[in-house]
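Numbering (UniProt numbering), first residue to last: 1 to 454. We treat Cβ as the ideally placed atom computed from N, Cα and C, and that holds for glycine.
Okay, structure coming up:
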């Protein structure tokens with residue numbers, strides 16, 4: 001990759017799991033009443049045909065991984081499991097009362113935290129109770145994130161019996177020095193054991209999450225990690241760029257110094273090397289940071305142009321409504337977003353008072369919705385178009401002027417009223433999306449809100 005382009009485009013920018021991005025939500029004018037209205041509208045429009053998605057945030061971890069920017073609660077006390085499960089079920093009850101009609105679940109994902117912090121019995125109880133009051137949509141997909149060190153055969157079997165067919169394991173990196181820096185000691189043997197157990201039980205999609213740009217990580221470390229990963233050939237691989245956001249409260253990114261991180265140039269070499277190794281053995285890049293084998297459902301969704309992106313990451317199909325349950329979870333009604341409170345104690349208190357525990361959100365304007373479509377097209381398909389009137393907005397000419405520089409740098413190509421991201425431009429997809437991000441441009445701040453794009 002051209003060093004001049006790395007220097008030019010290595011700026012702070014969103015990862016675009018939503019548009020507008022969270023720092024630019026209209027939280028001052030947002031209300032729980034508005035959220036209930038737009039969710040109910042979306043549910044009524046889409047539940048019969050496509051169903052809804054459910055994301056469950058299970059925040060507990062036994063130890064703090066210092067690369068992690070997610071919301072979590074560190075504890076070794078497993079008596080916290082049942083009270084939390086009962087609270088999540090109470091939240092689901094409040095949503096069902098709001099929606100009225102029985103929901104059809106198309107996607108269900110367990111994230112964290114560490115979902116496998118919970119016992120197999122308690123996870124089984126949680127999912128059984130959720131499904132008891134719900135229907136299943138056609139071709140539903142259930143998935144969960146497993147920690148290779150504590151995912152047991154009992155976990156995998158219990159969730160498989162309830163319809164789970166996809167699991168992703170967090171690998172990060174196999175070098176011991178890197179693992180110590182991020183406080184995630186995880187031998188290859190544990191990942192191998194968990195992967196082989198899942199396949200033996202019958203999981204049809206096993207994923208590994210790998211991170212580049214970690215403290216003390218070198219290009220040789222990335223090569224070693226991917227070579228070991230290739231011996232297991234997971235169905236899909238998330239090859240993430242480490243997001244360094246130490247200013248976000250409670251994320252724990254304090255176990256190393258900024259100077260311990262690779263430079264932008266070496267970080268991009270890590271990515272290019274890793275991408276080359278993955279493609280040599282049969283993986284295809286299907287979206288930002290994601291690779292899959294041709295047999296995997298996400299690859300097929302990419303080919304069929306049905307792939308979607310939301311707060312769960314890339315998904316094989318789109319649902320108009322996604323409800324997030326649990327502390328800090330984010331819900332998406334297409335017309336609006338809502339995030340739950342981050343304190344477990346406040347979460348419990350609101351639910352005891354029969355209040356859906358939302359504390360901030362955003363209702364999308366007509367302009368927001370149009371830009372959201374463009375950014376989704378770019379993130380999922382590496383192209384977008386404004387041939388149709390519903391894809392145009394007042395400031396589109398200004399956006400097109402900004403895109404001209406990206407075109408001159410060879411990152412995008414224009415043809416009539418449409419644009420395509422080039423192979424050269426794919427590593428800069430966040431920067432390309434930023435050209436459409438009017439809120440980012442209108443509300444510039446001296447405070448850094450996002451990780452660096454490179």
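May I ask you to list the residues that DSSP assigns as paired with residue 310?
-> Note: residue 310 is bridge-paired with 313 in the DSSP secondary-structure output.
In chain order, which continuous runs of the beta strand (DSSP E) of length 3 or greater are located wholly inside the region 146 to 196?
-> Segments of the beta strand (DSSP E) lying fully in the region 146 to 196: 164 to 172.
Could you check what DSSP says for residue 345 in three-state terms: helix, strand or coil?
-> Under the three-state reduction of DSSP, residue 345 is assigned to helix.
Distance, Cα to Cα, residue 354 vs residue 87?
-> The alpha-carbon atoms of residue 354 and residue 87 are separated by roughly 11 Å.
Three CB pairs or more closer than 8 Å across the region 212 to 229 and the region 266 to 276 | A contact exists between the region 212 to 229 and the region 266 to 276.
Which whole-angstrom value is the C-beta distance of residue 159 and residue 123, which I expect to be below 8 Å?
-> Confirmed, Cβ separation roughly 6 Å.
Reduced DSSP secondary structure (H/G/I, E/B, other) of residue 455 | A question about residue 455 goes unanswered here, because the residues of the chain that appear run from 1 up to 454.
If we count the other Cβ atoms within 10 Å of its Cβ and call it buried at 16 or more, is residue 436 buried or exposed?
-> Using a 10 angstroms sphere on the CB of residue 436, the tally of other CB atoms reaches 16 or more, which defines it as buried.
Which residues share a DSSP beta bridge with residue 340?
-> Note: residue 340 sits in a beta bridge opposite 358.
Residue environment, residue 388, which counts as buried when at least 16 other CB atoms sit within 10 Å = Exposed is the call here.
Neighbourhood of residue 179 by C-beta distance below 6 Å, restricted to the same chain and skipping five residues each side | Excluding residues within five positions, the ones whose Cβ falls inside 6 Å are 185.
For residue 135, count neighbouring C-beta atoms within 10 Å of its own C-beta (all shown protein chains included) and say buried if the count is 16 or more, exposed if not.
-> If you draw a 10 Å sphere on the C-beta of residue 135, you find fewer than 16 other C-beta atoms in it, and that means exposed.
Top-ranked residue by Cα proximity to residue 494, from 149, 295 and 44 = The structure shown has nothing for residue 494, since the chain only spans 1 to 454.
Flag this pair as yes or no: are the beta carbons of residue 13 and residue 379 separated by less than 7 Å?
-> Going by C-beta atoms, residue 13 is not nearer than 7 Å to residue 379.
Pairing CB atoms from the region 147 to 159 with CB atoms from the region 186 to 197, are three or more of them under 8 Å?
-> Output reads yes: the region 186 to 197 touches the region 147 to 159.
Does DSSP put residue 18 in a helix, in a strand, or in coil?
-> Residue 18: coil per DSSP, three-state reduction.
Please name the residue or residues paired with residue 84 in a DSSP beta bridge.
-> Paired residue(s): none; residue 84 is not in a bridge.
Per DSSP, residue 208 is paired with what?
-> Partner residues in the beta bridge of residue 208, as assigned by DSSP, are 169 and 237.
Rounded Cβ spacing between residue 206 and residue 161 (contact assumed at less than 8 Å) = Contact between residue 206 and residue 161 does not hold, since their C-beta atoms are separated by about 17 Å, which reaches or exceeds 8 Å.
Residue 41 versus residue 362: straight-line alpha-carbon distance, rounded = Going from the Cα of residue 41 to the Cα of residue 362 covers about 15 Å.
Nearest-angstrom Cα separation, counted from residue 398 out to residue 169 | The alpha-carbon atoms of residue 169 and residue 398 are separated by roughly 43 Å.
What's the gap between the Cα of residue 102 and the Cα of residue 406?
-> The alpha-carbon of residue 102 is positioned some 47 Å away from that of residue 406.
Taking 6 Å as the line, does the beta carbon of residue 416 fall inside it for any heavy atom of the ligand GDP?
-> This structure simply doesn't include the ligand GDP, nor any ligand for that matter.
Return the chain-ordered list of same chain residues with a C-beta closer than 6 Å to the C-beta of residue 74, the five sequence neighbours on each side being excluded.
-> Listed in chain order, the non-local C-beta contacts of residue 74 below 6 Å within the same chain comprise 61 and 64, local neighbours out to five positions each way being set aside.
Residue 434, enclosing alpha helix (DSSP H) - first and last residue | Its alpha helix (DSSP H) spans residues 429 to 434.
Among the residues of its own chain, which have a CB less than 7 Å from the CB of residue 373, if the five just before and after it don't count?
-> Once the five neighbours on either side are set aside, the close Cβ partners of residue 373 are 391.
Contacts around residue 404, its chain only, beta-carbon distance under 6 Å, and the 5 residues preceding and following it disregarded = Within the same chain, no residue comes within 6 Å of residue 404 by CB-CB distance, once the 5 residues on both sides are set aside.
In whole angstroms, what separates the C-alpha of residue 256 from that of residue 329?
-> When rounded, the distance between both Cα atoms is 28 Å.
So is residue 147 buried or exposed if we call it buried at 16+ other beta carbons inside 10 Å?
-> Looking at its Cβ environment, which holds 16 or more other Cβ atoms inside 10 Å, residue 147 is buried.
If you check the beta carbons only, do residue 76 and residue 113 fall under 7 Å apart?
-> No; because the gap between Cβ atoms is not below 7 Å, this pair is not in contact.
Rounded to a whole number of angstroms, what is the C-alpha to C-alpha distance between residue 204 and residue 166?
-> Answer to the nearest angstrom: the Cα atoms are 6 Å apart.
Does DSSP put residue 58 in a helix, in a strand, or in coil?
-> Reduced to three states, the DSSP call for residue 58 is strand.
Nearest-angstrom beta carbon gap, residue 5 and residue 368 [assumed within contact, 8 Å] = Under the criterion of beta carbons closer than 8 Å, residue 368 and residue 5 do not qualify as touching, at roughly 30 Å.
I think residue 95 touches residue 344, with their Cβ atoms under 8 Å apart; what is that distance to the nearest whole Å?
-> 19 Å between Cβ atoms; not a contact.
Where residue 365 falls, given that 16 or more other Cβ within 10 Å makes a residue buried = Residue 365 should be labelled exposed.
Count the other CB atoms, across all protein chains shown, that sit within 10 Å of the CB of residue 414; report buried if there are 16 or more and exposed otherwise.
-> Residue 414 comes out exposed.
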